[in-house]
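Chains as they are written, first to last, in our numbering: chain H, 1 to 113; chain W, 114 to 230.
What follows is the structure in structure tokens.
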């Protein structure tokens, strides 16, 4: 059974720092992995999607990597800003499903001005 | 092109009442997914629907919960005789045909936060 874990559960860093969020999954048989951002009281915003054949994806100050064999993904945020404060969720799509997403519990990130 | 619309945003019910959560998918999407997020936990898949069909309800409790996606109108997640443990955020997502779309990106609504008193 696929399980997704995100460590740490919460992180607080000063503005301007580069930081890394971690996501691990127990079964490497995945189709893709996605990173989402969740703001309080708002919906989920997809940040980056990495197909299983890819190693990384970049969007602006965000870079996500995927090591399928070790069951790990990282989300790197460069030059963090207070506006980056949110909960970051990762989700994997198992190979045996066209639609199901298995989610981690998220990392709550606070960027201090 | 409006995104996925969920209403209400917040819903308060007393134990034993019924809760109805609505979801209108993005224009052109005919596939809807419901997820539940308990406090401090990740989202859990509940049910996947196409127009007028339930495709997969394996994540939905067998009792008190039901979902529909009629030919006309929004998808409805219905919870009868709510209990305190039903308090959670309920998210709806929509997508184009997941079989034909290699990425099957799901677009999420803002969620409905249900509080049961």
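Cβ coordinates follow ideal geometry from the N, Cα and C atoms, glycine included.
Discussion item. Under 8 angstroms, CB to CB, which of the residues in the segment 76-99 of chain H have a partner in chain W?
Written reply: 89, 91, 93, 98 and 99
Worksheet item: Does DSSP put residue 116 of chain H in a helix, in a strand, or in coil?
Response: Any property of residue 116 of chain H remains undetermined from this structure, which presents chain H solely from 1 to 113.
Worksheet item: Would a check of beta-carbon distances place residue 105 of chain H closer than 9 angstroms to chain W?
Response: yes
Worksheet item: By the criterion of Cβ-Cβ separation under 7 angstroms, what are the contact partners of residue 146 of chain W in chain H?
Response: 99
Item to complete: Quick one: list the residues of chain W neighbouring residue 46 of chain H, beta-carbon separation under 9 angstroms, in chain order.
Response: 218, 219, 220 and 221
Discussion item. Please identify the residue among W:146, W:150 and W:125 whose C-alpha is closest to the C-alpha of residue 279 of chain W.
Written reply: Lying outside 114 to 230, the shown extent of chain W, residue 279 of chain W is not represented and no answer is given.
Worksheet item: So, is the C-beta of residue 25 of chain H closer than 9 angstroms to a C-beta in chain W?
Response: no
Item to complete: Pull up the DSSP beta-bridge partners for residue 132 of chain W, would you.
Response: W:192
Discussion item. Tell me the rounded alpha-carbon separation between residue 52 of chain H and residue 136 of chain W.
Written reply: 30 angstroms
Item to complete: Answer with buried or exposed for residue 7 of chain H, where buried requires no fewer than 16 other C-beta atoms within 10 angstroms of its C-beta.
Response: exposed
Worksheet item: Does the separation of the CB atoms of residue 219 of chain W and residue 128 of chain W fall below 9 angstroms?
Response: no
Worksheet item: When DSSP builds the beta bridges, which residues end up paired with residue 139 of chain W?
Response: Residue 139 of chain W pairs with nothing; no bridge assigned.
Practice prompt. Just the chain W side, please: which residues come within less than 8 angstroms of residue 4 of chain H by C-beta, in chain order?
Written response: 155
Item to complete: Scan the segment 134-187 of chain W and note each continuous beta strand (DSSP E) run of 3 residues or more that stays entirely inside, going in chain order.
Response: 144-150, 156-163, 166-169 and 178-181
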